[in-house]
Amino acid sequence: MKNIKLLPAFFAAVSGLAVAAATAGSATAAETQVELEEIVVTAQKRAEGLQETPISVAAFSADALDRGLFVDVSDVGRMTPNVSFSSGEGGGKSTSNIFIRGIGQLDFLISSDPGVGIYLDGVYLARTVGSLLDTLDFERIEVLRGPQGTLYGKNTMGGAINLVSRLPNGDFGGSIELTAGRFHRMDVKGSVQFPLGDAVSVRMSGMLRDRDGYGRRLLDGEEMGNDNVSAGRVVVRYQPSDDLDIVLSGDLTHRREAGLVMTMSGANSDATLVRLFNQLVAGPVYGTQFDNRWKTDSPFTTNGTGPNFNNLDTWGLSATAEWQVSDAITFKSLSAYRDMENSFTRDGDNSPLPMVEGVRGVDQYQVSQEFQLTGDSLEGRLKWIAGAYYFREKASSYLEATAFGGLWEAMEALPGPLPGLPFGGAGNPANLDVSFRIDDRLKTDSYAAFGQLTYALGDQVNVTTGLRYTHDKKIYSIEQYRPASGRIVIPLTTRRDSWNNLSPKLTIDYTPAEDLMVYASISRGFRSGGFNGRGGTSGGVLPYDPEKMTAYEVGLKSQWLENRLRFNAAAFYYDYSDILLTSSTADAQGNQVVITDNVGKARVQGFEAELTAVPFRNFEIVAGAGFTDAKFTDVAATAREVTEDSRFVAVPKWMLNLTARYTVPMESGAALSAEASVNYKSRLYQDVLNSPELVQDGYALVNARLAWDSADENWTLALFATNLTNKKYINRGSSFLASLGTSEAYYGRPREWGVSVKARF
11 MKNIKLLPAF FAAVSGLAVA AATAGSATAA ETQVELEEIV VTAQKRAEGL QETPISVAAF
71 SADALDRGLF VDVSDVGRMT PNVSFSSGEG GGKSTSNIFI RGIGQLDFLI SSDPGVGIYL
131 DGVYLARTVG SLLDTLDFER IEVLRGPQGT LYGKNTMGGA INLVSRLPNG DFGGSIELTA
191 GRFHRMDVKG SVQFPLGDAV SVRMSGMLRD RDGYGRRLLD GEEMGNDNVS AGRVVVRYQP
251 SDDLDIVLSG DLTHRREAGL VMTMSGANSD ATLVRLFNQL VAGPVYGTQF DNRWKTDSPF
311 TTNGTGPNFN NLDTWGLSAT AEWQVSDAIT FKSLSAYRDM ENSFTRDGDN SPLPMVEGVR
371 GVDQYQVSQE FQLTGDSLEG RLKWIAGAYY FREKASSYLE ATAFGGLWEA MEALPGPLPG
431 LPFGGAGNPA NLDVSFRIDD RLKTDSYAAF GQLTYALGDQ VNVTTGLRYT HDKKIYSIEQ
491 YRPASGRIVI PLTTRRDSWN NLSPKLTIDY TPAEDLMVYA SISRGFRSGG FNGRGGTSGG
551 VLPYDPEKMT AYEVGLKSQW LENRLRFNAA AFYYDYSDIL LTSSTADAQG NQVVITDNVG
611 KARVQGFEAE LTAVPFRNFE IVAGAGFTDA KFTDVAATAR EVTEDSRFVA VPKWMLNLTA
671 RYTVPMESGA ALSAEASVNY KSRLYQDVLN SPELVQDGYA LVNARLAWDS ADENWTLALF
731 ATNLTNKKYI NRGSSFLASL GTSEAYYGRP REWGVSVKAR F
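Our numbering applies: residue 11 is where the sequence shown begins, and numbers increase by one.
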């Protein structure tokens, strides 16, 4: 909370800079802002005003994305109450771990699906790996809180992130932006649109970003956390008549970077495997020991020496055709193909010893087809949508993991068993070989039919009801062996299962005044069933059922003071069941089997409130507050890592954000604006064990931007800083102190600064 006490002085200082720089003019230029910007969203698959949508939605326009210093989609979490983004641990740098109102998913394995859906121009991104996209040429980003199963398909139990690209409009124009900053940052971002005849228009956009790493490996000098990414998008729009609109689009992202910044947060040299490793390998072979000596003084340094890269290639094609069948009916078809290849590394012990190192790769492609029919009936009193959806995915992954490397060879070299222990001696079947190679594959077919009706009971009351039926069919295969000893742990094992789900929704909204709406809703959501991809034997590779949730929500949307004040709020209660938790059992031979199964229940309750205001000319304030109270109400005894007293992972109770922006018109017609923002999160737990060394106490991050816009609005020059107070905070972490003897933390980016210039034509 110390950082929050600095905010009044900070905002005053930044605003003072803007006023001082603009006093040379007489402020006779036209005013820049006297009321709030109108926001149009497609949260209900049709364009409507944000304030007319009876859903808890946060929306960011293209201008807001530029001013808010957004680099990738994860930056949405800074500005949206009850929304958390993170990446780290085994999932790689391009993985998005998203939680909305306490519901999400940390596991990146292909055997499990996310709890929050990301949609790029209506196309569902099935994997969390590779889904952390850059904010390139988006028209807006919408964050839909709560289950969205009726209209947004499967796996949107927690909510949905809707990414909407800019479309060409038939005019010629574009922009180019250059950014330079700390860590030798150099960005180039640009877009251009142009017509091709009367019916065809094209929009092309691209970006390059190069930034040195903010972390370093001490022993070999390699950097971590750098950026080396290029991305592009092409959109072709064909409008042969007023009734037909066809959009073809393609996007590509290419990354070749070092791995995530990680550091040791703890070591347990008393763990059984660590003691054996120190005795037989670390001491005799490397002349050292694994213990806390390898911790560093900085959260941005490590003594790790394992593989260090993060590579991503992902691309997609989509075709959207929208046909105005009549004045009241519209037909829409959305066809898409996406392909992703990702490989990444992790040195989990953060030491020069070969204890916990891994290289993982994920290959995935998906095809989808959606049909929608929307319309108005009964003289506009009934709005409806009906549709059908098909999705197919094929994914494969591998993991080459070195765990206590050299331990099996050392046991084989012993003359016989160690005193009092079963292992030791050549050919002894008890010798421990814990390194492994896993190969697995997944095939998914999903079918859905959905519909939603909104009926106006009068001028003030609407009733919305919807239903979606989903059928998921999955086939999962896995095999695992020990490279050193050649032992087969899991022979090729194939499991298949299918699940059906009905996701209903009922909403009532009431508009007692023109700029005031209240609503109440009941909805169901689910996260698709899957398979335990962490089982230690073939007997542990079992399917699990979908997680389910019933959500109750009441909300308020309002605008006041002649459109100078917008205040929206929502309160929610979730009945969360069949939660996936991990348990540890043994098979008939006594081998340990780790099982992920539906053995938990919880209740989640809270609220969010968001305010946007223009208290006086050219001064805008955006503020938000979110509260989430998540508690397990029932946990099976077999789920040994979680009890009813455990805290949810990555879910702070409180999230607060505040942005102030002041613009001063200058006599020349140009304008100078100063913007500062702060976001606060209360205490966070980073793993299911609630490990104390990984608990992150409440913290605040402060960003600032000072910008000059030319009189013709064709040029913008901006200075900016992020994490202005240089706060050190844990973004993700994992702890295996009791078993592997290691614990690691991933810290967020330190203070950065930069300058950008943008030209429009």
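Ideal Cβ placement from N, Cα and C applies to all residues, glycine included.
This structure is a prediction, so every number in the text was calculated from the model and none was measured.
DSSP places Pro294 inside the alpha helix (DSSP H), whose first and last residues are 293-296.
A distance below 8 Å between beta-carbons, with the five flanking residues on each side excluded, links Pro662 to the following residues of its chain, in chain order: Ser94, Thr638, Lys691, Ser692, Arg693, Leu694, Gly708. If you look at Phe70, you'll find it in the beta strand (DSSP E) that goes 67-71. Inter-segment contact for the region 450-459 and the region 423-441 is absent: fewer than three beta-carbon pairs are separated by less than 8 Å.
With contacts defined as CB atoms closer than 9 Å, Ser533 and Glu557 fail to qualify as a contacting pair. Counted as a single uninterrupted DSSP element, the alpha helix (DSSP H) harbouring Trp418 occupies residues 417-423.
Taking the C-beta atoms as reference points, Pro157 is found no nearer than 9 Å to Glu618. Taken atom to atom, the span from the alpha-carbon of Pro178 to that of Ser215 is near 11 Å. Take the alpha-carbon of Arg447 and the one of Tyr491: they are about 6 Å apart. Apart from the 5 residues on each side of it in sequence, Ser211 sits with its Cβ closer than 6 Å to the Cβ of Pro178, Gly180, Pro205, Arg247 in its chain, given in chain order. The beta carbon of Val295 lies closer than 7 Å to those of Gly416 in the same chain, with the five residues before and after it left out.
The DSSP-derived three-state label of Thr160 is helix.
Secondary structure of Gln490 (DSSP, three-state): strand.
When beta bridges are read from the DSSP output, Val473 appears opposite Tyr465, Ile518. Counting C-beta pairs closer than 8 Å gives fewer than three between the region 405-419 and the region 378-385, which falls short of the contact rule. Proximity to Gly183 across Phe193, Ser201, Ser175, Asn172 peaks at Ser201, based on C-alpha coordinates.
Counting other Cβ atoms within 10 Å of its Cβ, Ser445 reaches 16 or more and is therefore classed as buried. Residue state for Asp85 is assigned as helix, using DSSP reduced to three classes. In this chain, the alpha helix (DSSP H) harbouring Arg285 covers 282-287.
Per DSSP, Lys737 is not a residue of any beta strand (DSSP E), being assigned neither H nor E.
When Asp525, Asn278, Glu524, Ala466 are compared, the shortest CA-CA separation from Ile518 is found for Ala466. Comparing alpha carbon positions, the residue from Gly764, Phe771, Arg759, Ala769 closest to Gly225 is Arg759.
Taking Tyr672 as reference, the option from Thr340, Gly636, Arg715 with the minimal CA-CA separation is Arg715. For Ala686, the uninterrupted beta strand (DSSP E) segment begins and ends at 681-691.
Look at Asp482 here: in three-state DSSP terms it is strand.
Following the DSSP letters along the chain, one finds Pro205 inside the beta strand (DSSP E) bounded by residues 195-206. Judged by their CB atoms, Val499 and Phe746 are not nearer to each other than the 9 Å cut-off. Setting aside the 5 residues that flank it on each side, Thr311 is surrounded in the same chain by Gly225, Arg226, Arg227, Leu228, Thr273, each with a C-beta closer than 8 Å to its C-beta; the list follows chain order. For Asn628, there is no enclosing beta strand (DSSP E), as DSSP gives it neither H nor E.
At a Cβ-Cβ threshold of 9 Å, Val659 and Val604 do not count as neighbours. Boundaries of the beta strand (DSSP E) harbouring Arg226: 225-227, taken from the DSSP string.
A Cβ-Cβ distance of about 15 Å is found for the pair Asp585 and Asn608, leaving them out of contact under the 8 Å criterion. Between Asn321 and Arg266 a beta carbon distance of about 6 Å is seen, short of the 8 Å cut, so the two are scored as contacting. A residue is called buried when at least 16 other Cβ atoms come within 10 angstroms of its Cβ; Tyr400 does not meet this threshold and is exposed.
In this structure Leu75 is not in contact with Ile171, their Cβ atoms being roughly 13 Å apart against a cut-off of 8 Å.
In this structure, Val257 places its C-beta atom within 9 Å of the C-beta atom of Ala329.
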